[in-house]
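Each residue of the sequence shown is one higher than the one before, starting from 1 at the first, in this note's numbering. For glycine and all other residues, C-beta sits at the position ideal for the given N, C-alpha and C. Only a predicted model underlies this, so the values are computations on that prediction, with no experimental measurement involved. Notes follow once the structure below has been shown.
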Amino acid sequence: MEQAMLLAKERQLVVPGEVLAKGFEWLPSAGCYRANNEIRAKQLGLVRIKERFIGVIPLAGVYVPRPGDGVIGVVNDIQPTFWIVDINSPYDSILQLGEAVGEYVDTTKTDISVYYDIGDVIYAKVMAVSRSKSVQLTMNDYRAKKLIGGRLMHITPSKVPRLIGREGSMIELIKNKTGCQIIVGQNGVVWLKGEKEALAAKAVLTIEAEAHTEGLTDRITKLLEEGV
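What follows is the structure in structure tokens.
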């Protein structure tokens, strides 16, 4: 068995795909992913090492989790009784088995990947954030679920309110004009699914780029109607 090896240093600047560690002793946190026995950077940013967890803090658009936030995350590692979920944040995010499954599970007989596997996309709720910024997620919410198919987009978290719009008006406009299912996480991750995903994605990116300009709703309406 190959020896575990840490290749990156705390606060080292890394680029997407760069190998940060080798071996299963190390666990990927936010901004990283596992590729066989390697942990690689998912984005440009600064390395963050906490105990056995290795993450990458993005240089811009950082999401700071708060209890009650609805977030979209990707499962990037599995342990016997919990999942590690990337929620587009520099902080560790854990989904415990008891917060994910509404039944008793004998972990000596059941591989919990039958519920959520590496690469699965979920919509979850932030249950708690510790003083050290360790994040606990829960699926015990009527909105929480696994998201099947579709595509993921990332926008600056501070632009999420503008994407949603007053009383959900902007996101409903995009849904109605494209027929797409759209879920927006407070962490800046957007899930789209439908025949006109590309058009919906174009509208989302336009809103992010022009969030503070006047007449945005009219421009988005025109963009969607011309693209239909």
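- Beta-bridge annotation (DSSP): Ser93 is paired with Val135.
- CA-to-CA, the gap between Lys175 and Tyr115 works out to about 29 Å.
- If you compare the alpha carbons of Tyr33, Thr213, Arg52, Arg143 with that of Asp77, the shortest gap goes to Tyr33.
- Around the beta carbon of Ala203, a 10 Å sphere encloses 16 or more other beta carbons of the protein chains shown; the residue is thus reported as buried.
- For Gly119, the secondary structure class from DSSP, reduced to helix, strand or coil, is coil.
- In the pairwise beta carbon analysis, the stretch 173-191 is classified as touching the stretch 136-156: at least three pairs are separated by under 8 Å.
- Around Glu167, the same chain offers no residue with a beta carbon nearer than 8 Å, after the five sequence neighbours per side are excluded.
- Annotation for Gly23: Glu2, Gln3, Ala4, Met5, Asn37 place their beta carbon closer than 7 Å to its own, counting only its chain and skipping 5 residues before and after.
- CA-CA distance, Gly188 to Ile49, rounds to 23 Å.
- In the structure shown, Asp69 adopts coil according to DSSP, grouped into three states.
- By the CB criterion at 8 Å, Arg151 and Glu208 fall outside the cutoff.
- Approximately 6 Å separates the beta-carbon atoms of Ser93 and Ala30; this is inside 8 Å, confirming the contact.
- Under the DSSP assignment, Lys146 falls in the beta strand (DSSP E) whose first and last residues are 145-147.
- In chain order, Lys159, Arg162 place their CB closer than 7 Å to the CB of Ala211, counting only its own chain and leaving out the 5 sequence neighbours on each side.
- Taking C-beta atoms as the reference points, Leu20 and Val85 fail to come closer than 8 Å.
- Counting of Cβ neighbours within 10 angstroms places Gln43 among the buried residues, the total reaching 16 or more.
- Comparing C-alpha distances from Glu25 to each of Phe53, Thr206, Ser89 shows the shortest one belongs to Phe53.
- In the DSSP assignment, Arg162 falls within the unbroken alpha helix (DSSP H) covering 160-164.
- Residue pairing for Pro58: DSSP places it in a beta bridge opposite Gly45.
- Excluding its 5 nearest sequence neighbours in each direction, Pro80 has C-beta neighbours in its own chain below 6 Å: Thr107, listed in chain order.
- The alpha-carbon of Ile122 is positioned some 17 Å away from that of Tyr63.
- Assigned with DSSP and collapsed to three states, Pro157 falls in helix.
- Each of Ala201, Glu214, Val190, Glu225 was checked against the Cα of Gly73, and the nearest Cα belongs to Val190.
- For Arg219, the three-state secondary structure derived from DSSP is helix.
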